[in-house]
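Numbering (our numbering), first residue to last: 643 to 1092.
Each residue gets a CB set at the ideal place from its N, CA and C atoms; glycine is no exception.
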Amino acid sequence: MSLAEFEPPEQQVAHFPAEGLSGEEVRERLRAHRAADVDWRSGRIWSLVYSAGPEHDDVVHDAYREFAAENLLGPTAFPSLATMEKQVVWMLLDLLGADPRTSGGTMTSGGTESMILAVKAYRDRARAERPEITDPEMVVPVTAHPAFLKAGELLGVRPVPVPVDHTFRADPSAFAAAISESTILGCASAPCFPYGVVDPIEDLGAIAASYGIGLHVDATIGGFVLPFARELGYEVPAFDFGVPGVTSISADMHKYGYGPKGSSTVLYRDRELRRYQFSAYTSWPGGILGSPTILGTRPGGAIAGAWAAIVYEGKAGYRAIFTEVMKATDRLHEGIRAIPELYVLGDPPVSVFAIASEQVDMMAVADRLESRGWWIDRQRDPDSIHLIVNPTHVPVVDEFLRDLGWAAGGAPPAGSTDGGAALYGVSARLDASTDVEAAVLDQLESRYDS
Ligand SMILES: Cc1ncc(COP(=O)(O)O)c(C=O)c1O
């Protein structure tokens, strides 16, 4: 008997199975699990998955599989992985304008880990060099990714929020005003997730330098698309190590680098700062442990896959990918301009942006789009829907624009639904609630318990 024949996928293996299934049954069951997943290959979702197409993905997934068992916890056992990690970091430093003689970095498992590690580096350097700071702070624009807040919580660094101006970019004078005697770093985004706009990095870098603090630029999304879009002639604001005052950058492989999930980089203008990212444990009976990142075991597949993505594409390949992505973005912008109810928020330079309206209810627009099979990310402040464009979207731009026009045309007036809170990373929102935080925690619990 096979469980798969009798139980719907969500109930399968609720108990530890007494017997295993055959390999073929496992594969079948995996496919069954997938039945309700969004069809990302046909471009129906505008977030979460970044794909440069089946040929690219095959190369990356083969590399992942090739090294799925290997572990960079042991760089002497697997010098292959140590070399590939080093090369990925060097290639990114090169792409982002760092001096190869003095800069450095590491790979990590994602944007969040990269940002936590950067905050750790600044905190531990401050502990060593500015011991008078007992309550360290970091200056964080409100549009920056919550990973900075998570880093602050974990590391005991208090985030001091900075408002954005009418272009949704961090306000430099507010940024300067938020710096205190206890500030150990400033943070900025290139671009920020919600609006896709790049903070005024040159201004923020100059301010940070004048106060003698570091500036971390979160280019988790932008690390690849910004430099290549600039090469293609798009107007892209300065954001990388070419800007004085930028002292570290996070840049994901698993977003627009088109590496496998679980791959990112954290990069430092000066290697001395990276040293504070590292940890050393010297009195454990299991041996002396030197740990460069947060993870213990470091999956070989993520490193090999990231390396494969870059060497497979080279600059020419990424240029071709982003030519397609930016052309699709241009067509989307043009189409949105032709829909009278809608407009794009701010002036996003690349392929991440939000669509809003003064006239119609954007949550209803999202609902209507979903009724036509699109997976839509909702945002608040102001109500908007969020798009990240990838090659998977090239064939569906016209269909999406048609559906978007239809959705806006039939949506009720702005403000007619109850409000409520949009959930990041989830195509859903909470009902209006007096205690949104508790409701979010309830949702997380029920995801595991029901
Ligand atoms: C701007 C930005 N920073 C950081 C992150 C966090 O990256 P990850 O989800 O890889 O941890 C994201 C994720 O979307 C992001 O958009």
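With a contact defined as Cβ atoms closer than 8 angstroms, T1034 and S693 qualify at about 5 angstroms. Around the beta carbon of V1039, a 10 Å sphere encloses 16 or more other beta carbons of the protein chains shown; the residue is thus reported as buried. For Y960, the enclosing alpha helix (DSSP H) starts and ends at G942 to R979. Within the same chain, M780, F790, A793, G794, L797, V799, L827 and H858 come within 8 angstroms of V761 by CB-CB distance, once the 5 residues on both sides are set aside. Looking at the DSSP output, D894 sits in a beta bridge with S906. Distance from the C-beta of T748 to the nearest heavy atom of ligand 1 is not below 7 angstroms. Here the C-alpha atom of G747 lies approximately 36 angstroms from the C-alpha atom of R676.
Ranked by how close their Cα comes to the Cα of T965, the residues L672, M726 and L868 have L868 in first place.
Here F835 carries a coil assignment [DSSP, helix/strand/coil]. For H703, the closest C-alpha among the options A948, R1020, I855 and E727 is that of A948. With a contact defined as Cβ atoms closer than 8 angstroms, L874 and M968 qualify at about 6 angstroms. With at least 16 other beta carbons inside 10 angstroms of its own, I997 counts as buried. Shown here, W1017 sits in a strand according to DSSP, grouped into three states. With fewer than 16 other CB atoms across the displayed protein chains lying within 10 angstroms of its CB, F658 is exposed. The alpha-carbon of A705 is positioned some 6 angstroms away from that of A946.
Shortest gap from the CB of M780 to any heavy atom of ligand 1: 7 angstroms or more. When secondary structure is reduced to three states using DSSP, L663 falls in the coil class, being assigned neither helix nor strand. Look at G828 here: in three-state DSSP terms it is strand. For L931, the uninterrupted beta strand (DSSP E) run begins and ends at L931 to S933, by DSSP.
Here the stretch 1001-1011 makes contact with the stretch 1043-1051; the two share three or more CB pairs at distances below 8 angstroms.
Per DSSP, R916 is one residue of the alpha helix (DSSP H) stretching across R913 to R917. Taking a cut-off of 8 angstroms on C-beta distances, the stretch 741-758 touches the stretch 926-936, as three or more cross pairs fall below it.
Distance from the C-beta of G899 to the nearest heavy atom of ligand 1 is not below 7 angstroms.
For F658, the three-state secondary structure derived from DSSP is coil. With a threshold of 16 other beta carbon atoms within 10 Å, G716 falls short and is exposed. Following the DSSP letters along the chain, one finds G747 inside the beta strand (DSSP E) bounded by residues G746 to T750.
Sixteen is the threshold: since fewer than 16 other Cβ atoms of the shown chains lie within 10 Å of the Cβ of R1089, the residue is exposed.
Per DSSP, S722 is one residue of the alpha helix (DSSP H) stretching across P721 to L737.
Within 7 angstroms of the C-beta of H787 there is at least one heavy atom belonging to ligand 1. By the Cβ rule, the stretch 885-899 counts as touching the stretch 841-855, because three or more pairs are nearer than 8 angstroms. DSSP places R769 in the helix class (H, G or I) of the three-state scheme. As the crow flies, the alpha-carbon of D679 is around 11 angstroms from that of I687. Between T825 and P778, the alpha-carbon positions lie close to 6 angstroms from each other.
Distances between the C-beta of I843 and the heavy atoms of ligand 1 are all 7 angstroms or more.
With a contact defined as Cβ atoms closer than 8 angstroms, V804 and V784 qualify at about 7 angstroms. Less than 8 angstroms separates the beta-carbon of T1059 from that of A1006.
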